[in-house]
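A quick write-up on the structure given underneath.
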Amino acid sequence: WSSGETRRFNLPEGSAAFRYWRLNFHETFGAGGTVYKVHVAEVGLFGPPTEFRLSVGPWQECEPLGGTYACGDGISRRTVQCYDDENYPQALENCENGPETVTEKGCSLDCPLLQIEGATAHPEFFGILRVTLTAQWMAKILCAAYQVPMTSDPSSGELDGALYKGIGYADDNNGTTDVDGILVTRFAGEEFEVRCKVVGGSLTFGTGRRAVLRPVPLLMGCYADSFSARDLPEYQGVQTQLSCADACFGSQYFGIQMRGKCFCGDTYGRYGVKLPNKTAGLTGCDCNGPYFAYEANCVWEQTTGRFGDETMLPLRVQSVSSNSAQILALVEADARIRCNVTAAG
């Protein structure tokens, strides 16, 4: 406390307007901090009633409940604060109508229209569908995949609970975005139909937009490896899931570790299953990537063909009528084929 300094003391809560105070002034001398009483003042203090005022701020922009760039239901907020006559903040209870003044209210944001351009198998990962779409403005998009044939057209609410779904963001600046997180793990080579909506919206889009997954190799599991003698001996460099399968065409198995190191072989598992080691901070394998495993492989059994290959099957016409035809094709067991019929001009 320096000479000439004025300090403000607040009266304790519940103090009367008039109080008699004794003030003890002390001074500290020397390195040891010895305290000496140097002055005592007895004063009568009269505290006039304090006036309080309520400060209410403007309503802020509507915040969507579904997160940034969602639409539909939202919430708007404003600040409500109580100040005394010296502009010190006080509890709201001191201001008239302070606690009763509303600080939040419901609001709504318009939802943009979507245009679903198409759906395809992801070019790098197994069992993932990629949806290409455009939106009127920046929006948070939820897309879901349903196995064909669909039993009914899903509602907006049913998209929220879909088994196979992914979230993406449509940017009106570049016009097109990819929603590539729809992980479909239970089916190989199956056909799916895609529906999308803006998160928080009630309209669904994408009727008729279909995609066929590539045949998904069978995941054998997480198996230990050795840097000195590889479990899968043939190294094919750093690859994606799909390109590793293609690079290992001709081998019965392929494996991926680290951030995409690809290995091929006809046997696997001589070092056993790789179990998580939580003490060492090792988690085993994450076969969805992007970091697959350390000193271990995610091992898949190879499929019969290269990814993206299409085989022209020899066909034999058995019978033809005015509105139908019976055609035979020689295929392997459990194969999936696609047929298109066009009218000759």
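When you read off a place in the sequence shown, starting at 1, and then add 1065, the result is the number in my numbering. By construction, the Cβ of each residue, glycine as well, lies at the ideal position given by its N, Cα and C atoms.
### Message
So Val1244 and Leu1198 are supposed to be a Cβ contact under 8 Å. How far apart are they, rounded?
### Response
For this step, residue 1244 is matched to residue 179 along the sequence shown. For this step, residue 1198 is matched to residue 133 along the sequence shown. Contact holds; Cβ gap of about 7 Å.
### Message
So for Asp1311, helix, strand or coil by DSSP?
### Response
Along the sequence shown, one-based indexing puts residue 1311 at 246. The answer is helix: DSSP assigns Asp1311 an H, G or I state.
### Task
Give every residue of the same chain whose Cβ lies closer than 8 Å to the Cβ of Tyr1318, excluding the five residues on either side of it in the sequence, and list them in chain order.
Within the sequence shown, residue 1318 is the residue found at index 253, counting from 1. Around Tyr1318: Met1285, Leu1297, Cys1329, Gly1330, Asp1331, Thr1332, Tyr1333, Val1364, Trp1365, Glu1366 and Gln1367.
### Message
The beta strand (DSSP E) that contains Glu1256, what's its start and end?
### Response
Taking the sequence shown and counting its residues from 1, the one referred to as residue 1256 is at position 191. It spans Glu1256 to Val1263 - the beta strand (DSSP E) in which Glu1256 sits, taken as one unbroken run.
### Identity of the residues DSSP links to Gln1180 by a beta bridge
Translated into positions along the sequence shown, residue 1180 becomes position 115. Its beta-bridge partners are Thr1199.
### Message
Judging by CA-CA distance, which residue of Tyr1211, Leu1207 and Ser1220 is the nearest neighbour of Ile1232?
### Response
The residue given as residue 1232 occupies position 167 in the sequence shown. The option with the nearest alpha carbon to Ile1232 is Leu1207.
### Assigned secondary structure, Gly1222 (DSSP; H/G/I helix, E/B strand, else coil)
Sequence index remark: in the sequence shown, residue 1222 carries index 157 (1-based). Looking at Gly1222 - three-state DSSP - the assignment turns out to be helix.
### Task
Would you list the residues sitting across from Arg1381 in a DSSP beta bridge?
For this step, residue 1381 is matched to residue 316 along the sequence shown. Leu1393, per the DSSP bridge assignment.
### Task
Could you check which residue in Val1121, Ala1310, Met1323 and Arg1295 has the C-alpha nearest to that of Gly1163?
Within the sequence shown, the letter at position 98 stands for residue 1163. Comparing C-alpha distances from Gly1163 to each of Val1121, Ala1310, Met1323 and Arg1295 shows the shortest one belongs to Val1121.
### Query
Buried or exposed: which applies to Glu1258, given that a residue is buried once 16 or more other Cβ atoms fall within 10 Å of its Cβ?
One-based indexing of the sequence shown puts residue 1258 at position 193. The residue in question, Glu1258, is buried, as its Cβ has 16 or more Cβ neighbours within 10 Å.
#### Entry: Beta-carbon proximity of Tyr1229 to Lys1205, cut-off 8 Å
In the sequence shown, residue 1229 corresponds to position 164, counting from 1. In the sequence shown, residue 1205 corresponds to position 140, counting from 1. Not a contact, by the Cβ cut-off of 8 Å.
### Task
Measuring alpha carbon to alpha carbon, tell me which of Gln1301, Asp1290, Cys1352 and Asn1152 ends up nearest Arg1335.
Numbered from 1 along the sequence shown, position 270 holds the residue referred to as residue 1335. Of Gln1301, Asp1290, Cys1352 and Asn1152, the residue nearest in Cα terms is Asp1290.
### Query
Any idea if Gly1222 is buried or exposed, counting beta-carbon neighbours within 10 angstroms, 16 or more meaning buried?
Counted from its first residue, the sequence shown places residue 1222 at position 157. Under this definition Gly1222 is an exposed residue.
### Message
My output table needs one value for Asn1162: the three-state DSSP class, helix, strand or coil.
### Response
Here the question's residue 1162 lines up with position 97 in the sequence shown. DSSP, read as helix, strand or coil, puts Asn1162 in coil.
### Task
Closer than 7 Å by C-beta to Ala1412: which residues in its own chain qualify, once you throw out the five before and the five after it? Chain order, please.
Residue 1412 is absent from the structure shown; the chain starts at 1066 and stops at 1410.
### Message
For Pro1123, tell me which candidate among Thr1144, Gly1139 and Ile1140 has the shortest Cα-Cα distance.
### Response
Working through the sequence shown from its first residue, we reach residue 1123 at position 58. Closest by alpha carbon: Thr1144.
#### Entry: First through last residue of the beta strand (DSSP E) which encompasses Lys1326
Residue 1326 sits at position 261 when you count from the first residue of the sequence shown. Where Lys1326 is concerned, the enclosing beta strand (DSSP E) stretches over Lys1326 to Gly1330.
### Query
Do Cys1176 and Gly1266 have their C-beta atoms within less than 8 Å of each other?
Residue 1176 sits at position 111 when you count from the first residue of the sequence shown. Residue 1266 sits at position 201 when you count from the first residue of the sequence shown. Contact flag set, yes.
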